[in-house]
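Take a look at the structure below.
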């Protein structure tokens, strides 16, 4: 009887978790050793770069975030700028009072090499070079670059017309 009740509890839980797993998604870490390094040292958004202090964010963007979310495990804070948390302009992940990641989804912001959302995949490759990896994640094509010297990663999410829909820059752990 005990096994039956255990099965009745665990089996539905597994069924709930399975759809959230995307088997077509490949973690970017898989491409780290096979992708040549690209210098991303100067990457920033409005003068905020990976490693900037949390105080630099509001100072450089000249306003307070629309929303601040705190996550307990692991502990980090997200500063969200834009109309809402769903339709944001730019988000900053703050760990130990420093920016560890940021991403933007509107053309108001651009990368250090001038790439905006709406730019083509060819524009990205012209600006950043051919040393990129390509992967699928939740139905989107992602192209990315690693800076192994400065432990940085930049990824460009592409829509079905190979146009940039979002840009993510983050510190590489390890």
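Numbering (the working numbering), first residue to last: 6 to 179.
Yeah, the Cβ is synthetic: ideal placement off N, Cα and C, and Gly gets one too.
Based on Cα-Cα distance, which residue from the options lies nearest to residue i?
| i | options | result |
| --- | --- | --- |
| residue 89 | 79, 34, 174, 71 | 71 |
| residue 81 | 103, 146, 140 | 103 |
| residue 50 | 56, 116, 150, 41 | 116 |
| residue 32 | 168, 158, 167, 169 | 158 |
| residue 78 | 133, 100, 35 | 100 |
| residue 74 | 68, 84, 67 | 84 |
| residue 105 | 178, 44, 139, 55 | 55 |
By the DSSP assignment, the alpha helix (DSSP H) with residue i in it spans what residues?
| i | result |
| --- | --- |
| residue 59 | 59-66 |
| residue 126 | 126-133 |
Output needed for residue i: all residues of its chain with C-beta closer than 6 Å, excluding positions within five of it in sequence on either side, in chain order.
| i | result |
| --- | --- |
| residue 155 | 46 |
| residue 173 | 108, 160 |
| residue 27 | The predicted model places residue 27 with a pLDDT of 44, which falls under 50 and marks its position as unreliable, so this point remains unresolved. |
| residue 41 | 136 |
| residue 164 | 170 |
| residue 59 | 99, 102 |
| residue 146 | 163 |
| residue 177 | 156, 158 |
Taking 8 Å as the cut-off, decide whether the C-beta atoms of residue i and residue j are in contact.
| i | j | result |
| --- | --- | --- |
| residue 130 | residue 120 | no |
| residue 124 | residue 111 | no |
Might you give, ordered along the chain, the residues of its own chain that have their beta carbon closer than 7 Å to the beta carbon of residue i, omitting 5 neighbours on each side?
| i | result |
| --- | --- |
| residue 65 | 51, 52, 53 |
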